[in-house]
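Using the numbering used here, the first residue of the sequence shown is number 1, and each one after it goes up by one. One structure below.
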Amino acid sequence: ISLTRFRTAKLLALVVDLGLESFVPEWVNDFRRLRSAQEVEAIVGSSESQQVGIWIANNTPKDALVATNHLTAPDGLPSSDFSLAVWSERTFFIIGPRFFRGNEVERRKAVELSTRWANRPDAQLCADLRSQDVNWFVVDLTLTSNRDWSVCASQRYRLGPFVVLEILPQEL
Numbered sequence: 001i002s003l004t005r006f007r008t009a010k011l012l013a014l015v016v017d018l019g020l021e022s023f024v025p026e027w028v029n030d031f032r033r034l035r036s037a038q039e040v041e042a043i044v045g046s047s048e049s050q051q052v053g054i055w056i057a058n059n060t061p062k063d064a065l066v067a068t069n070h071l072t073a074p075d076g077l078p079s080s081d082f083s084l085a086v087w088s089e090r091t092f093f094i095i096g097p098r099f100f101r102g103n104e105v106e107r108r109k110a111v112e113l114s115t116r117w118a119n120r121p122d123a124q125l126c127a128d129l130r131s132q133d134v135n136w137f138v139v140d141l142t143l144t145s146n147r148d149w150s151v152c153a154s155q156r157y158r159l160g161p162f163v164v165l166e167i168l169p170q171e172l
């Protein structure tokens, strides 16, 4: 190979290498940038939600169905935070408005049931949760002023803004 051909081949490789960079989708480059603590928390959840999820993973049956009122942000807008489900490795009745297995009517009913039960549980709401096979509930205390779920649940764990409750079987 002549020196000219070698230089041409090297230059061509450099041009191709640099030229391909412009064809890389922008979202790929987004993975390369540094993240703020708030961005990391939004992706993996707060340390409290991680620890609560791990507690659930270690202390509940693998087939447990968990409900939560942790469905909206403090400003009332729908949340897509599914860190509790990820860290617990459990199925959630509803994780957030975007993540529900049923249709729109069922989704609204699930959100309403979870929110109403956290705010003011009664025998009927307890029966409604049980009829959906929900046996655990994670209450986000920042989203309710209620602190008593003893009508049909027992507190098993608490950390920060979260309380993990076991839904008790219906008394005969």
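Beta carbons are placed, not taken as given, at the ideal position from N, Cα and C, and that holds for glycine. Since this is a predicted model, take the numbers as computed values, not measurements.
With a threshold of 7 angstroms on Cβ separation, who are the neighbours of E89 within its own chain once the five nearest residues in sequence on each side are excluded?
A57
Taking the straight line between their C-alpha atoms, what separation do you get for A73 and P169?
31 angstroms
To which residues of the same chain is L165 closer than 8 angstroms at the C-beta, ignoring the five residues directly before and after it?
Same-chain partners within the cutoff: W136, F137, V138, V139, W149, A153, S154, Q155, R156.
Take V134 as the anchor and find which of A64, R35, T60, Q38 has the nearest alpha-carbon.
A64
If we call anything under 8 angstroms between Cβ atoms a contact, is I95 one with A110?
no
If contact is defined by three or more beta carbon pairs under 8 angstroms, each pair taking one atom from either stretch, is the segment 74-85 in contact with the segment 116-135?
no
Could you tell me the alpha carbon to alpha carbon distance between K62 and W87, rounded to whole angstroms?
13 angstroms
Which term fits G76, buried or exposed, when burial requires 16 or more other beta carbons within 10 angstroms of its beta carbon?
exposed
Just reading off the alpha helix (DSSP H) that E104 is part of, what are its end residues?
104-119
Exposed or buried, S131, counting other C-beta atoms within 10 Å across all chains shown (16 or more means buried)?
exposed
To the nearest whole angstrom, what separates the beta carbons of V163 and C126, a pair I think is in contact under 8 angstroms?
Actually they do not touch by this definition, with Cβ atoms about 16 angstroms apart.
Where L34 falls, given that 16 or more other Cβ within 10 Å makes a residue buried
exposed
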